[in-house]
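> In the numbering used here, the protein residues as written are 66 to 152.
C-beta atoms are modelled at their ideal positions from N, C-alpha and C, and glycine is treated no differently.
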């Protein structure tokens, strides 16, 4: 399987109030380029009371499936792209 880059890489927002959908992406590639663990928050809207979290180790890459309206933010700025998959 190949990763198709759909949008230019951006830095993630570092607060819930600045969370973004990453170009209304349904699949996001996250790269933790920092030297420490990064906490990723996913919620249904900016500033939503309910957020789901997961941790990304330093140097790791994760592919996140989400609704186009879901927003993400991180404890420290990391790299994010809207992506898709192809054969």
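May I have a chain-ordered list of the beta strand (DSSP E) segments no shorter than 3 residues that lie completely inside the segment 87 to 138?
Runs found: 92 to 96, 103 to 108, 116 to 121 and 126 to 130.
> Express the C-alpha separation of residue 74 and residue 105 in angstroms, rounding to a whole number.
Their Cα atoms are separated by approximately 17 Å.
> First and last residue of the beta strand (DSSP E) that includes residue 149?
Its beta strand (DSSP E) spans residues 144 to 151.
> Give the range of the beta strand (DSSP E) segment to which residue 70 is assigned.
Counting along the chain, the beta strand (DSSP E) containing residue 70 begins and ends at 67 to 70.
> Hey, residue 148 and residue 92 are a contact pair by Cβ (cut 8 Å); roughly how many whole angstroms apart?
So it is a contact: roughly 5 Å between Cβ atoms.
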